[in-house]
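Remarks on the structure that follows.
Protein chains: 2
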Amino acid sequence: MIKDLIAEIRNKDEKLVIGLMAGTSVDGIDAALIRLYGHGKETRFELVKFTTLEFSESIRNFILKNSNPDTAKLDDICRLNFLLGEAFASAALDVTKKADIDIAEVDLIGSHGQTIQHLPEAQKLYGFNVASTLQVGEPSIIAHRTGVLTVADFRPKDIAAGGQGAPFIPYVDYILLHSPNECRVCLNIGGIANLTFLTPDSQNTDIIAFDTGPGNMLIDLLMSRLSGERYRYDAGGETALSGTVDPKLLDRMMEHPYLETDPPKSTGRESFGSEYADWIIEISRNIEWKNIIATVTRFTVESIALSVEKHLEPNHPVDRIIISGGGSHNKAIISGLEERLPLIHIEKSDEMGIPVDAKEAIGFAILANETIHYSPSNLPTATGARKKVILGKIVLPG
Amino acid sequence: MIKDLIAEIRNKDEKLVIGLMAGTSVDGIDAALIRLYGHGKETRFELVKFTTLEFSESIRNFILKNSNPDTAKLDDICRLNFLLGEAFASAALDVTKKADIDIAEVDLIGSHGQTIQHLPEAQKLYGFNVASTLQVGEPSIIAHRTGVLTVADFRPKDIAAGGQGAPFIPYVDYILLHSPNECRVCLNIGGIANLTFLTPDSQNTDIIAFDTGPGNMLIDLLMSRLSGERYRYDAGGETALSGTVDPKLLDRMMEHPYLETDPPKSTGRESFGSEYADWIIEISRNIEWKNIIATVTRFTVESIALSVEKHLEPNHPVDRIIISGGGSHNKAIISGLEERLPLIHIEKSDEMGIPVDAKEAIGFAILANETIHYSPSNLPTATGARKKVILGKIVLPG
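Protein sequences, first through last, are from chains H and C. Taking our numbering, the leading residue of the first sequence gets 1, the next gets one more, and so forth. Taking our numbering, the leading residue of the second sequence gets 1001, the next gets one more, and so forth.
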């Protein structure tokens, strides 16, 4: 009998696992090193170390250039996949070094990769129905450089099963934050804000999860435009807090049709990106820019509050909102939510042992563990897939 | 304990395995369904069925467009990966159907994918040494559509280990065709011709394998150009057999520096492609085109014979040459080799139970089996890798 690497790791009571995540903001690679116990609903973890390896300006530009069909080149895409494999491997080595742990002690890596295309709507192509997605950051490089079993490329299998290839964090919310006593909303405020709704009765077959609308995307875009590129975001929400909401502008924004749509639903840059930001600037010529920021920040708050009131509370009063993602550092968003939803306990995911910035990277460490347990980890109610499937590709070390 | 899918398949005495191969000629997908016994040096197999699913003209053009950095587009590359995933899955379903076997009985699929870029020479890029390769034909689609454990994407791990990501068939030659009594040359005549040299003493650490020069590439290119695109190849070598070798043209071709280079060496379209064909046409204005074809066909024969005489025979007299690949249907090549190397027994791989056209697809079925046995299957002496590594990515069914 040969030594079965995957089974050996799977059967350990305690595993050291690294989750690697790179977001669409193309800032760098988040690496979470965790101690992981169990799997599925029995999963428990402790965060050992979290680091972010920022991309150099030249790598960031190379990624952005090759994320755009007008500027991307085939040979560069081929190189970018291996280049980012090296960068992800470096991030994994870096987080272990900073934790003073030998990489040889690490059991498993889960790597999301960097998305450079996401085309989840099926279209007819030469007789086949084709939906697709493309993440780069070659896992063969990660596994070889680190010597660690690596699971990567989670999204394609859900697309194969007819899903959108996203979101996957609701499954992690379910196994980590489901409570037998409370109705909980797990709210992640990234570029787009999304929530997972967990009732005491939730099963992994009926969980509601959807995008509420913009998170930081509009705030970031407008901070950058209005400041002439001096700021890339509103640090701590200070600008929003120093301004006043413009009720007319807010009213016009609240007419956005996305807010009326019933879930399941998802959105992105096509609805709340550059074009929408242009329109806001166009209709806000006489408004001071701190007031514009205050208003778009309130728009994020209102769209979240409305989602809770309209789509969740009619059936289940919400006890607690657990916030994560970059937007949880924005005090104007947090205080806005507390004011708008006074009966709900609002807290950051740190209170539950999940640092707000590390949550997604931790999520992909947990998803990798599910894969080597051969456990399906997409939620069809969240992704739209026809069935639950085992996500990811397994690359052996060495 | 969970049911361990990979271990269960690995431990079967007899497996049904499909190998899927698509070559750089972009004709279609070869599918070999085999009954496989054992692994490593103990591997034995029987071919159950071999089929080729030809690409439609529109898919072929879509692949060719997206294999060229000047015409490829990011969004189309993203779609092509999933489109070819569907095509590879169809090829797997088709070969089982034609064999009258239920796909549910198949244990494993090994898929090479379609290469759309291969950049194995490392270059400095933003502080990293980057060599790369890109095969498309999403294995998540193959595994989901067929419900069969799939191993794919073999080349990146060898590149990670510093190799060229090719060739991998020499390992298959070693485990299937190594003899304790004879010195054997396994000669594959595809676009490029390559050989694996196996002596009775060969270990998987010292096997010589290299490209001898052009196989069919020049013959195909010149048939197509000289016939005004009427023919894409010289069927059976009939044109070459009807012509006469032009000694002056042959002499000039024999001056090609590649023939002088010592192995390990590899070549491709950059040396024996369109530009070289242009040069031949340029210097052959007064030569009848059947004689040009006879001469370039003889060039393939001479470059193979010279490789045997110059690089192999000084150390080990060769007993047998076992030929596979499309070029083995070319009677002018076969009779040419018999004439040039009269002391060596020359035969097609069919004589060894390996149909000449099915060999590569069978090879990737065998390589997938090595991967699920966690056996390294690159040969550093053939690929240039620093070490032996386990190739491929494993995608679970469902």
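Beta carbons: idealized from backbone N, C-alpha and C, even for Gly. What you are looking at is a predicted structure, and each value in this text was computed from that prediction instead of being measured.
Would you give the residue range spanned by the alpha helix (DSSP H) that residue i belongs to?
i, result
"Asn369 of chain H", "359-372"
"Phe299 of chain H", "289-307"
"Gly85 of chain H", "74-98"
"Leu241 of chain H", "238-242"
"Glu336 of chain H", "It is worth fixing the name first, because residue 336 of chain H is Gly in this sequence and not Glu. Start and end: 331-340."
"Ile1142 of chain C", "1139-1146"
"Pro1436 of chain C", "The structure shown does not extend to residue 1436 of chain C, since chain C is modelled only from 1001 through 1398, so no value can be given for it."
"Ser349 of chain H", "Here Ser349 of chain H belongs to no alpha helix (DSSP H), and DSSP marks it neither H nor E."
"Glu270 of chain H", "269-272"
"Ser58 of chain H", "57-65"
"Val172 of chain H", "169-177"
"Thr1383 of chain C", "1380-1383"
"Leu1249 of chain C", "1247-1253"
"Ala1007 of chain C", "1005-1010"
"Leu1222 of chain C", "1217-1226"
Assuming residue i is part of the beta strand (DSSP E), what are its boundary residues?
i, result
"Ala1209 of chain C", "1208-1214"
"Tyr37 of chain H", "28-37"
"Ser324 of chain H", "320-324"
Identify, in the order they occur along the chain, each residue of the same chain with its Cβ nearer than 6 Å to the Cβ of residue i, setting aside the five sequence neighbours on each side.
i, result
"Met1 of chain H", "Confidence at Met1 of chain H is low in this model, with a pLDDT of 49, below 50, so the placement of that residue is unreliable and no value is reported for it."
"Gly325 of chain H", "Asn188, Ile189, Gly190"
"Cys1183 of chain C", "Thr1199, His1316, Val1318, Asp1319"
"Lys348 of chain H", "Ile323, Ser328, Val356"
"Ser1242 of chain C", "Lys1290"
"Ile1175 of chain C", "Lys1041, Thr1043"
"Ala1332 of chain C", "Gly1237, Ala1240, Leu1241, Thr1297"
"Leu1084 of chain C", "Gln1114, Val1136, Gly1137"
"His1311 of chain C", "Pro1263"
For residue i, which residues in the same chain have their Cβ closer than 7 Å to its Cβ, ignoring the five residues on either side in sequence?
i, result
"Asn441 of chain H", "The structure shown does not extend to residue 441 of chain H, since chain H spans only 1 to 398, so no value can be given for it."
"Ile9 of chain H", "Lys15, Asp107, Leu108, Leu149, Ile372"
"Glu1238 of chain C", "none"
"Thr212 of chain H", "Ala193, Asn194, Leu195, Ser303, Ile304, Ser307"
"Thr1024 of chain C", "Thr1115, Gly1191"
Run through chain H and tell me which residues come within less than 8 Å of residue i, C-beta to C-beta.
i, result
"Val1130 of chain C", "Arg79, Phe82, Leu83, Glu86"
"Thr1096 of chain C", "Within chain H, no residue comes near Thr1096 of chain C; the closest Cβ sits about 19 Å away, beyond 8 Å."
"Leu1149 of chain C", "Those within 8 Å of Leu1149 of chain C in chain H number zero; the least Cβ separation is about 10 Å."
Check the Cβ of residue i against every Cβ in chain C and list those closer than 7 Å, keeping chain order.
i, result
"Leu36 of chain H", "Per Cβ cutoff of 7 Å: no residues; Leu36 of chain H is ~17 Å from chain C at best."
"His144 of chain H", "Lys1157, Ala1160, Ala1161, Val1389"
"Leu367 of chain H", "Within chain C, no residue comes near Leu367 of chain H; the closest Cβ sits about 13 Å away, beyond 7 Å."
Might you give, ordered along the chain, the residues of its own chain that have their beta carbon closer than 8 Å to the beta carbon of residue i, omitting 5 neighbours on each side?
i, result
"Thr381 of chain H", "Thr205, Asp206, Ile207, Ile208, Ala209, Pro264"
"Asp1350 of chain C", "Val1356"
"Met1352 of chain C", "Leu1176, Leu1177, Ile1322"
"Thr1133 of chain C", "Thr1115, Gln1117, His1118, Leu1119, Pro1120, Arg1155, Pro1156, Ile1159, Gly1165"
Could you name the residues of chain H that residue i contacts, counting a contact when the two beta carbons are closer than 7 Å?
i, result
"Pro1167 of chain C", "In chain order: nothing, as chain H lies at least about 18 Å away."
"Glu1138 of chain C", "Pro156"
"Leu1341 of chain C", "The premise fails here: Leu1341 of chain C is roughly 40 Å from chain H at the closest Cβ pair, so nothing lies under 7 Å."
How about residue i: is its Cβ closer than 6 Å to a heavy atom in the ligand FMN?
i, result
"Arg1184 of chain C", "The ligand content of the structure shown is nil, which means the ligand FMN is not present either."
Give me the chain H residues within the contact set of residue i, using Cβ-Cβ distance strictly less than 9 Å, ordered along the chain.
i, result
"Ile1141 of chain C", "Pro156, Lys157, Ile159, Ala160"
Under 9 Å Cβ-Cβ, which residues of chain C neighbour residue i?
i, result
"Thr295 of chain H", "In chain order: nothing, as chain C lies at least about 35 Å away."
"Thr205 of chain H", "By Cβ distance, chain C contributes nothing, its closest Cβ being about 16 Å from Thr205 of chain H, past 9 Å."
Interface residues of chain C around residue i at Cβ under 8 Å?
i, result
"Ala381 of chain H", "One detail in the question is off: residue 381 of chain H reads as Thr in this sequence, not Ala. Result: empty, since nearest Cβ-Cβ is about 18 Å, beyond 8 Å."
"Leu93 of chain H", "In chain order: nothing, as chain C lies at least about 13 Å away."
**OP:** Could you run through the segment 66-85 of chain H and flag, in chain order, every residue whose CB is less than 9 Å away from some CB of chain C?
**Re:** Asn66, Ser67, Asn68, Pro69, Asp70, Thr71, Ala72, Lys73, Leu74, Asp75, Asp76, Ile77, Cys78, Arg79, Leu80, Asn81, Phe82, Leu83, Gly85
**OP:** Flag this pair as touching only if the segment 183-193 of chain H and the segment 210-228 of chain H have three or more C-beta atom pairs under 8 Å; answer yes or no.
**Re:** yes
Original post:
In the segment 1106-1128 of chain C, which residues sit with their C-beta less than 9 Å from some C-beta in chain H, listed in chain order?
Top reply: Listed by position, the residues of the segment 1106-1128 of chain C near chain H (Cβ gap below 9 Å) are Ile1116, Gln1117, His1118, Leu1119, Gln1123, Leu1125, Tyr1126, Gly1127, Phe1128.
**OP:** Residues of the segment 1044-1066 of chain C with a CB closer than 8 Å to any CB of chain H: list them in chain order, please.
**Re:** Ser1056, Ser1058, Ile1059, Phe1062, Asn1066
**OP:** Mind the definition here: the segment 247-258 of chain H touches the segment 334-344 of chain H only if three or more C-beta pairs lie below 8 Å; say whether that holds.
**Re:** no
Original post:
How do the segment 136-150 of chain H and the segment 352-367 of chain H stand: do at least 3 beta-carbon pairs fall below 8 Å, yes or no?
Top reply: no
**OP:** Specify whether the segment 1009-1023 of chain C and the segment 1036-1046 of chain C touch according to this definition: at least 3 beta carbon pairs, one from each stretch, less than 8 Å apart.
**Re:** Enough Cβ pairs lie closer than 8 Å, so yes.
**OP:** Kindly confirm or deny that the segment 51-58 of chain H and the segment 87-102 of chain H touch, where touching means at least three C-beta pairs closer than 8 Å.
**Re:** yes
**OP:** Give, in chain order, every residue of the segment 1-25 of chain H whose Cβ lies closer than 9 Å to some Cβ of chain C.
**Re:** Among the residues of the segment 1-25 of chain H, those with a Cβ less than 9 Å away from any Cβ of chain C are Met1, Ile2, Lys3, Asp4, Leu5, Ile6, Ala7, Arg10, Asn11, in the order of the chain.
**OP:** Name, going along the chain, the residues of the segment 1384-1395 of chain C whose beta-carbon falls closer than 7 Å to a beta-carbon of chain H.
**Re:** Look at the segment 1384-1395 of chain C: the residues with a C-beta under 7 Å from a C-beta of chain H are Val1389, Ile1390, Lys1393, Ile1394, Val1395.
Original post:
Does the segment 293-307 of chain H come within contact of the segment 147-166 of chain H, defined as at least 3 CB pairs closer than 8 Å?
Top reply: no
Subject >> Contact residues within the segment 1175-1201 of chain C, judged by C-beta distance below 8 Å to chain H >> reply: none
**OP:** Determine which residues of the segment 261-280 of chain H have a Cβ less than 9 Å from any Cβ of chain C, and write them out in chain order.
**Re:** none
Subject >> Interface positions of the segment 208-239 of chain H facing chain C (Cβ-Cβ less than 9 Å), listed along the chain >> reply: none
**OP:** Identify each residue in the segment 294-317 of chain H for which the Cβ-Cβ distance to at least one residue of chain C is less than 7 Å, and report them in chain order.
**Re:** none
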